[in-house]
């Protein structure tokens, strides 16, 4: 509840435009998710309103980095044939720059000149402290250390965020801690800082109003400063943005970002109050440079930096685009070529025995290709791996529910495990509660100040034996444990009422229409989720799935199969025009992306009539897994092994606590295709393409395509740019070296070495093998088989889709007859015939 004085402060801030400036700066920071529910994030999401080139210029000026690769990278790509002269010429023609190729080659020899950087903060003109630390670094370290204490609700024995009985946020916690810090002036090198902090109001909005008045900048200039300050603590700023995002999904209010920024602004004003005359003069000179740039339309992002003939246009963008054209040219050739001989066998839809629905994850492409090549009676489909079921899963025991849907969504339903009776559920819950109580007792002893040494002395040998066994890979490995039949109750997330049959029908009809499977059902339909197995890996969730909070898809696959098999649901589907034969049965499976093994669930419930097909499916999965492992062996540096040895080696990678590269995850993703499988069947897409089935003939109104472009395409963009930024700007958007990671707060994130700021994005080992980059930094290519008018109408109706397309955060292509393509750019369709 805001008190009257705070309300007055907020009104003053709004009237002056300063509050809007602060809000805009906060919105430029993309969110991140906790480690155990990690999802890939487009780190440029807050900049999507800007053309990509302008956004890059803004970050270079405000945060002193570029998200383009260095000139040496493009030189190596050109010399190695990855960029051809025709790619470069096509890129140059697209840019509209009137120049030959020679200036581009000259650029590679001399390297791009660094853009102009600015000093926005008064802290930048302070001398180093007595310990040789810059004032700006000392302040950021202090903020990071206190963020770690405040947001830690799991690992710390005393919760800082809960110590105020729910009153106040990070700002109040920081202000109290800073006022009590006797070493503050010494560590920061800012004499008098602590006394100045004592003079600030305790109410956040009043303190910010005072700070803004002392900083004395216009609203536009204040936005620039705020963005710069947040980029200095990007990890915690991103975490705070995630707190706000997830609160919004839950229907709650949160001001975590503004609370963090308020502390930074107060620090800025305190430093101004403590600064010498010379330091204030140096700040004024620095802001003079900033104002001249703002007047030219630069640092605030309002200038025409994307104009075709802008003399300040970075020529490296021509090389980046040529690099992308090189991939798009290769992709077009692959799609246009005839399938290999394995796919020459023509089987009609009515002769298909098995249909397998895989997640659109790029790793599924390899398995799908080999499955179809080796088993002509199998047809695969691509669909989002949560199978259109926005559920959270509540298992037995004292555990929080697990959300099993994309992190951008909120669950609409809850799947609650049950033993079939309240007595059985209560007995199992008591048993699991007792186990957890015992584990918690050990945890308390482990972290207690009184037992730290005695616990180690008492249990040290036991842990040493476990460590030794793990080191020689003696941990039990194999396929995941196969659970029994799915026994759960599906209820509404709010209210807890069970779903009525019409609601279940709507769910099933939704995912069948979404995957363009409303007719020609095979006798056996299998929903294949995917997951991963790794040990001692804080980044486990990032390997499991790039979208669904690191959760495997097995639960969703089993729920989809159960709903599909429900006779009442089938009756309702028939009324909707979706007729499923009585002879069609759905089963569920899970694909382990480390070992390429597939586990089939609930085999004991498969009737005799489908046993033969089930055995056929198992054999097909085994064969496809062998081929997929061979294909993946080389990038894992396991080539040359026989399949049995290779499988053992991949199992060992899964349980090796020292393995930093158990698999490559979604590295090298480059495109997403919305089309019928006929377009890509038998084509080797090298595990680089998200494949989502889409039949334009079944979607005359464009509703299905609109859902695909505003959801799976958005998710693919987030994954793509997460990997892109982790390669192009690893010091900013990458998580650093896994070997130096320490987990913060149990699941908040990781810090590197003795740092205090969270490291976001992907670890270096997830995109680099120690010699070469394993991910090519390309903006996503979206290829759609649909009429022009349908695609354009969706772009016009969906604001975020329009921002990504029009500002070139991805490339939108459509299929033409005969395998040709055209590209949508700046509201015009351009032929891609030059890529041929």
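Residue numbers (the working numbering): 3 to 838. Beta carbons: idealized from backbone N, C-alpha and C, even for Gly. No experiment lies behind these values; they were computed from the predicted model shown.
Burial is judged here by how many other beta carbons sit within 10 angstroms of a residue's own beta carbon; residue 701 has at least 16 and is buried.
Residue pairing of residue 590 in beta bridges, as defined by DSSP: 529.
Ranked by how close their Cα comes to the Cα of residue 517, the residues 361, 545, 195 have 361 in first place. Residue 384 sits away from residue 787, with the two beta carbons spaced by 9 Å or more. About 7 Å separates the CB atoms of residue 230 and residue 123; that is less than 8 Å, so the two are in contact. Just so you know, the alpha carbons of residue 753 and residue 645 end up roughly 38 Å apart. The alpha helix (DSSP H) runs lying completely inside the segment 549-593 and spanning 4 residues or more are 556-567, 569-577, given in chain order. By the Cβ rule, the segment 672-687 counts as touching the segment 369-378, because three or more pairs are nearer than 8 Å.
The beta carbon of residue 676 is closer than 6 Å to those of 694, 696, 710, 786 in its chain, skipping five residues each way along the sequence.
With a cutoff of 9 Å on beta-carbon distance, residue 186 and residue 144 are scored as near each other. Just measuring C-alpha positions, the residue of 188, 353, 356, 196 sitting nearest residue 179 is 196. In this structure, residue 556 sits near residue 531, with a CB-CB distance shorter than 9 Å. Per DSSP, residue 256 lies in no beta strand (DSSP E) and is assigned neither H nor E. Within the segment 727-792, the beta strand (DSSP E) runs of at least 3 residues that lie entirely inside it are, in chain order, 743-746, 751-754, 783-786. Taking residue 803 as the centre and dropping the five residues before and after it, the same chain places the C-beta of 711, 712, 715, 716, 796, 797 closer than 8 Å to its C-beta, in chain order. The alpha-carbon separation between residue 353 and residue 615 amounts to approximately 13 Å. Residue 599: member of the beta strand (DSSP E) spanning 599-602, first to last residue. Rounded to the nearest whole angstrom, the CA to CA distance from residue 596 to residue 260 is 41 Å.
The three-state secondary structure of residue 834, taken from DSSP, is coil. Classified as buried, residue 554 has 16 or more neighbouring CB atoms from the shown chains inside 10 Å of its CB. The segment 727-740 makes contact with the segment 751-767; the number of CB pairs closer than 8 Å reaches 3 or more. In the DSSP annotation of this structure, the continuous segment of the beta strand (DSSP E) that includes residue 416 starts and ends at 415-419. When the beta-carbon positions are compared, residue 194 and residue 276 come within less than 9 Å of each other. Taking the CA atoms as reference points, residue 828 sits about 15 Å from residue 56.
Between residue 339 and residue 581, the alpha-carbon positions lie close to 35 Å from each other.
The beta carbons of residue 64 and residue 233 sit about 7 Å from each other, so the pair counts as a contact at 8 Å. Under the three-state reduction of DSSP, residue 660 is assigned to coil, being neither helix nor strand. Following the DSSP letters along the chain, one finds residue 108 inside the alpha helix (DSSP H) bounded by residues 104-112.
Non-local C-beta neighbours of residue 328 in its own chain, meaning closer than 7 Å and more than five positions away in sequence, comprise 84, 85, 86, 89, ordered along the chain. Rounded to the nearest whole angstrom, the CA to CA distance from residue 251 to residue 244 is 11 Å.
In the displayed model, residue 394 falls within a strand according to three-state DSSP.
The three-state reading of DSSP puts residue 824 in strand, counting E and B together. With distances taken between CA atoms, residue 515 lies nearest to 704 out of 417, 647, 704, 751. Assignment of residue 637 by DSSP, reduced to helix, strand and coil, places it in the coil class. Around the beta carbon of residue 31, a 10 Å sphere encloses 16 or more other beta carbons of the protein chains shown; the residue is thus reported as buried.
DSSP, read as helix, strand or coil, puts residue 490 in strand.
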